[in-house]
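S.K.: My structure is below; once you've seen it, I'll send some questions.
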Amino acid sequence: MKMKISYKQSQKGICLGLEGELTIQGVSSLKDTLLRHLSEESSLEINLEGITRIDTAGLQILYAAQKTAVLQGKALFLKQPSSAFLEAARLAGLLFQAQEGHLEGCLWKGGVRECHKLS
461 MKMKISYKQS
471 QKGICLGLEG
481 ELTIQGVSSL
491 KDTLLRHLSE
501 ESSLEINLEG
511 ITRIDTAGLQ
521 ILYAAQKTAV
531 LQGKALFLKQ
541 PSSAFLEAAR
551 LAGLLFQAQE
561 GHLEGCLWKG
571 GVRECHKLS
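Residue numbers (this note's numbering): 461 to 579.
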């Protein structure tokens, strides 16, 4: 299933809803969308509950968006990660987990500056 992007206003600004497969075939259009919204908004939410499949290119574009937001002094929140997203991030070694295996309010490894709370 091709990735779909939906838009809605949230308390923190714009919320992008991602649905379907976030793979190398769709990352260039998502990159353009993320860069545009990061340039226009001080805060951006990305809802990941609709992700059914994600590859390393999909993980990379989300990680790059997060780093871009940090460098620009903006906030990027990843919400409601799907099981497909969590498994891919875990396999790639990108997921920060507690010893019990639960998320500690932080998605990416690398310290507080690189972490965003899951809502």
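We put the beta carbon where it would ideally sit given N, CA and C, even for glycine. It should be emphasised that the depicted structure is a prediction, and the values quoted were computed from it without experimental measurement.
Assuming I474 and L504 are in contact, meaning their beta carbons sit under 8 Å apart, how far apart are those beta carbons, in whole angstroms?
M.R.: Taking the sequence shown and counting its residues from 1, the one referred to as residue 474 is at position 14. Taking the sequence shown and counting its residues from 1, the one referred to as residue 504 is at position 44. With 8 Å as the limit, I474 and L504 qualify as a contact, their Cβ atoms being about 6 Å apart.
S.K.: If I follow the unbroken beta strand (DSSP E) through E505, where does it start and stop?
M.R.: Position 45 of the sequence shown, counting from 1, holds the residue named residue 505. Segment 503 to 514, the beta strand (DSSP E) holding E505.
S.K.: Out of L551, F537, L508, state which residue places its alpha-carbon closest to the alpha-carbon of E481.
M.R.: The residue labelled residue 481 in the question sits at position 21 within the sequence shown. Comparing Cα positions, the closest option is L508.
S.K.: How would you write the range of the alpha helix (DSSP H) that S542 sits in, first residue to last?
M.R.: Reading the sequence shown from its first residue, position 82 is the one you call residue 542. Looking at the DSSP string, S542 is not in any alpha helix (DSSP H), and its letter there is neither H nor E.
S.K.: Which residue wins for smallest C-alpha separation from E613, given the options A552, P541, M463, A529?
M.R.: The structure shown does not extend to residue 613, since the chain is modelled only from 461 to 579, so the question has no answer here.
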